[in-house]
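Numbering (our numbering), first residue to last: 83 to 178.
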């Protein structure tokens, strides 16, 4: 950094917030395996994984874990931080 420059305290590329919905209930014991994403068991029998994901590679890692568990993927959405509780979620077409 050159003298006179100030380091920005804001990260120019903060992690994106993702909401990932899967069919079936996932036990809270899997929180660490899903890199700290919040696990919410929904009344309709689905599970919502919600939280920051640092990059595309990390997102693909999470999706591979869901695949490895054999749980059907219903939707994956990137949302603004202020929309995490009320996101408009479009389902993925077909079984993944």
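Each residue gets a CB set at the ideal place from its N, CA and C atoms; glycine is no exception.
Going by DSSP, name the residue or residues bridged to residue 102. 131, 158
Where does residue 119 sit, in a helix, a strand or coil, going by DSSP? coil
My output table needs one value for residue 95: the three-state DSSP class, helix, strand or coil. coil
Taking residue 110 as part of the alpha helix (DSSP H), name the residues at either end of that continuous run. Looking at the DSSP string, residue 110 is not in any alpha helix (DSSP H), and its letter there is neither H nor E.
Cα-Cα separation between residue 136 and residue 101, rounded to whole angstroms: 13 Å
On the DSSP letters alone, give me the boundaries of the alpha helix (DSSP H) that residue 150 sits inside. 138-151
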